[in-house]
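In full-length UniProt numbering, the protein residues as written are 1 to 115.
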């Protein structure tokens, strides 16, 4: 379902791996979340960081713009970006455990929820 979004995000030179999934949203029904591991020589910056976009920096804003430049449909562009700094949980065959990852991201989001 989100393969196209993952492929677009993975094309960005700062993104090592992108895992995209939907989470429940009271207003939209579903909100698209991108969980990302960043390449070693890149740095994740949040919206409040100065000098955003200079050098090897990547942020939610930069990736949203990148998705639009790559002609990803507006409704497919992730609304939330989660920088994943440790290895993704994987099965014995090396596939990413999407449901486990989604549960961990949802747990991180809970304290910030407006529900």
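In this text, a Cβ means the ideal position worked out from N, Cα and C, and glycines have one as well.
Problem set entry | Assigned exposure category for residue 103 - 16 Cβ within 10 Å defines buried | By 1-based counting over the chain shown, the position of residue 103 is 103. Residue 103 is classed as exposed because its beta carbon has fewer than 16 other beta carbons within 10 Å across all chains shown.
For this session: Count the other CB atoms, across all protein chains shown, that sit within 10 Å of the CB of residue 78; report buried if there are 16 or more and exposed otherwise.
Result: Within the chain shown, residue 78 is the residue found at index 78, counting from 1. Answer is buried; the Cβ neighbour count reaches 16.
Exercise. So who's on the other strand from residue 44, going by DSSP bridges?
Worked result: The residue labelled residue 44 in the question sits at position 44 within the chain shown. Answer is 58, bridged to residue 44.
Exercise. Bridge partners of residue 94, per DSSP?
Worked result: The count along the chain shown starts at 1 and reaches residue 94 at position 94. Beta-bridge pairing links residue 94 to no other residue.
Problem set entry | Alpha-carbon to alpha-carbon, residue 89 and residue 83 | The residue you call residue 83 lines up with position 83 of the chain shown. The residue you call residue 89 lines up with position 89 of the chain shown. Computed Cα separation, rounded: 14 Å.
For this session: Rank 93, 3 and 9 by C-alpha distance to the C-alpha of residue 69 and give the top, closest one.
Result: As a working note, residue 69 is residue 69 in the chain shown. The residue among 93, 3 and 9 with its C-alpha nearest the C-alpha of residue 69 is 9.
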